[in-house]
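Below you'll find the structure, written out as structure tokens, and then a few comments.
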Amino acid sequence: MNVRKMAVLGLYTTIALTIFMIEAALPGLVPIPGIKLGLANIVTLFVLSRYSVKDALMVLLMRIILAAVFAGQIVSFIYSLCGGLLCLIVTALVHKLIGKNYIYLTS
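Residue numbers (my numbering): 117 to 223.
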């Protein structure tokens with residue numbers, strides 16, 4: 117991996133982490149703990165469409181690990197890890213079936 121690509125993926129991780137932290141500060145839509153909109157997965161979808169599944173997985177895992185460190189809740193780490201990985205798997209399968217031109221359908 118070259119330095120430019122690593123720096124760009126680091127910026128995508130920072131954007132996803134920022135969106136996650138803003139979303140964590142907002143009150144929940146439903147009174148069930150751990151349920152969120154998952155807006156940070158938009159960045160994962162963008163990385164998946166622009167790069168590869170491996171790069172999207174790297175951005176996703178780094179965002180989840182850093183969010184657990186900053187938020188300090190192990191429960192949110194488990195929920196984010198399960199939800200993020202499931203989202204990535206389904207998105208990658210749909211992305212492979214539909215193609216790169218229909219990113220709005222992949223989401």
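Using N, Cα and C, we set each Cβ at its ideal position, and we do this for glycine too.
Just so you know, these numbers come straight off a predicted model, no measurement behind them.
Proximity to residue i [Cα-Cα], best of the options
i	options	result
residue 198	214, 209, 181	181
residue 165	154, 201, 210	210
residue 169	218, 125, 220	125
residue 158	145, 147, 139	139
residue 141	205, 200, 183	183
residue 127	223, 189, 212, 162	162
residue 149	135, 195, 120	195
residue 172	129, 219, 217, 134	129
With 16 other Cβ atoms within 10 Å as the buried cut-off, status of residue i
i	result
residue 179	buried
residue 186	exposed
residue 144	exposed
residue 155	exposed
Collapsed DSSP secondary structure at residue i in the structure displayed
i	result
residue 195	helix
residue 218	coil
residue 225	There is simply no residue 225 to check, as the chain begins at 117 and stops at 223 in what is shown.
*Where are the alpha helix (DSSP H) runs, 4 residues long or more, that stay fully inside the segment 123-168, in chain order?*
The segment 123-168 contains these whole alpha helix (DSSP H) runs: 157-166.
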